[in-house]
Amino acid sequence: MSLPVQLPLSVQLRDDATFANFYSGRNETLVNLLDMDRSVPGIESEQFIFLYGPKGVGCSHLLQAACHQVDRRSGRSIYLPMKELVHYSPKLLEGIERLQLVCLDDIGEVAGIDEWEEALFDLFNRLRD
Numbered sequence: 001m002s003l004p005v006q007l008p009l010s011v012q013l014r015d016d017a018t019f020a021n022f023y024s025g026r027n028e029t030l031v032n033l034l035d036m037d038r039s040v041p042g043i044e045s046e047q048f049i050f051l052y053g054p055k056g057v058g059c060s061h062l063l064q065a066a067c068h069q070v071d072r073r074s075g076r077s078i079y080l081p082m083k084e085l086v087h088y089s090p091k092l093l094e095g096i097e098r099l100q101l102v103c104l105d106d107i108g109e110v111a112g113i114d115e116w117e118e119a120l121f122d123l124f125n126r127l128r129d
């Protein structure tokens, strides 16, 4: 089973997006769930996590921090900011289910676009399997 080919996109993780510099406030349970370096009794990992909130609360920061962490552990991850990728073909989602972590940011940007919605539905099913 081969991993997907690297996408020629200009998407990069922000170097400063880490769990260490994220102020969790009332969201400490969420950060504990996402951060593999924190071992908290009673908090189990989930296969799918949906983060949402208004602009500026740190959803993008947390998604990128999770990708950094997986990459540091010699894993493979991908961060896809949908607001930057909406004009690309949804075919860029093909094969990414083989990665350890897939983070889709601003998913609402492709809502109502049939081609994207179908591709995301297919990706979800491939990830679930």
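Position 53 (the sequence shown) corresponds to 53 in the UniProt record's numbering; numbering is contiguous. Ideal Cβ placement from N, Cα and C applies to all residues, glycine included.
Whether residue i touches residue j by CB criterion (8 angstroms)
i	j	result
Arg38	Asn32	yes
Glu115	Met82	no
Met36	Gln69	yes
Asp105	Ser60	yes
Ala66	Leu92	no
For residue i: DSSP bridge partner residues
i	result
Tyr79	Cys103
Straight-line gap, residue i to residue j (C-alpha atoms, nearest Å)
i	j	result
Leu3	Val102	The predicted position of Leu3 is uncertain, since its pLDDT is 47 and thus under 50; no value can be drawn from it.
Leu80	Tyr23	23 angstroms
Phe50	Arg72	23 angstroms
Arg14	Asp129	30 angstroms
Ala17	His87	25 angstroms
Phe48	Phe19	19 angstroms
Lys55	Ile113	22 angstroms
Arg126	Gly58	28 angstroms
Ser45	Phe121	22 angstroms
Option in the options with minimal Cα separation from residue i
i	options	result
Glu98	Leu123, Ala66, Thr29	Just to set this straight, residue 98 is Arg in the shown sequence, not Glu. If we check each option's Cα against that of Arg98, Leu123 comes out closest.
Pro41	Thr29, Ile49, Gln47	Thr29
Ile96	Ala17, Gly75, Leu51, Pro54	Gly75
Asn21	Leu62, Gln47, Arg128	Leu62
Gly53	Gln47, Ile107, Thr18	Ile107
Whole-Å CB distance - residue i paired with residue j, under 8 angstroms assumed
i	j	result
Pro90	Ala119	3 angstroms
Glu84	Val11	6 angstroms
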